[in-house]
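Residue numbers (this note's numbering), protein chains in the order written: chain A, 1 to 75; chain B, 101 to 175.
For each residue, glycine too, the CB sits at the ideal point set by N, CA and C.
Report on the structure given below.
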């Protein structure tokens, strides 16, 4: 919920926020976007764009692919 | 990986697949879409649309909101 509050603060100040997450946290990024648009935002904000990607994290033998998401929320 | 194989089979047969997930499984849906478009699909397929939503699951005192995702993959 603190992520949602932070996103809401940025939204009211800047008019747009990009919620980003990788791997296991992707579900939480979706939660934040949903909470901000449907519950906290008083109908002022909407999901404008969603992108997914694959990032390489770690080095050498630890190197692996991790999915990521970027959700643009704005007016 | 078996989800990715299933998605690839449907893609080659029907030309389109919608990968859906709720809650904790949302990250896995993104993995499936990324694997199919970037690794298995030989560059033939792309993410055409991504939508997120909130669903109510459970009944009575167990009722709660869960985020969901739908990723449309096609040619």
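Between residue i and chain B, is the shortest Cβ-Cβ distance under 9 Å, so that the two count as touching?
i, result
"residue 7 of chain A", "no"
"residue 42 of chain A", "no"
"residue 88 of chain A", "Since the first and last residues shown for chain A are 1 and 75, residue 88 of chain A lies out of range."
"residue 30 of chain A", "yes"
Considering only residues of the same chain and omitting the five flanking positions on each side of residue i, which have a CB-CB separation below 8 Å?
i, result
"residue 28 of chain A", "3 and 21"
"residue 18 of chain A", "70, 71, 72 and 73"
"residue 137 of chain B", "145, 146, 147 and 173"
For the beta strand (DSSP E) holding residue i, just list the boundary residues, first then last.
i, result
"residue 161 of chain B", "No beta strand (DSSP E) contains residue 161 of chain B, which DSSP labels as neither H nor E."
Beta-carbon of residue i versus every beta-carbon of chain A: anything under 9 Å?
i, result
"residue 168 of chain B", "yes"
Which same chain residues end up closer than 7 Å to residue i when comparing Cβ atoms and leaving out the 5 residues on each side of it in sequence?
i, result
"residue 161 of chain B", "none"
"residue 58 of chain A", "64"
Using a C-beta to C-beta distance shorter than 8 Å, which residues of chain A count as neighbours of residue i?
i, result
"residue 123 of chain B", "27"
Residues of chain B with CB closer than 7 Å to the CB of residue i, please, in chain order.
i, result
"residue 54 of chain A", "134 and 138"
Residues of chain B with CB closer than 9 Å to the CB of residue i, please, in chain order.
i, result
"residue 47 of chain A", "151 and 152"
If you follow the alpha helix (DSSP H) that residue i is part of, which residue opens it and which one closes it?
i, result
"residue 14 of chain A", "2-14"
Contact between the segment 53-60 of chain A and the segment 142-152 of chain B (3+ Cβ pairs under 8 Å): no
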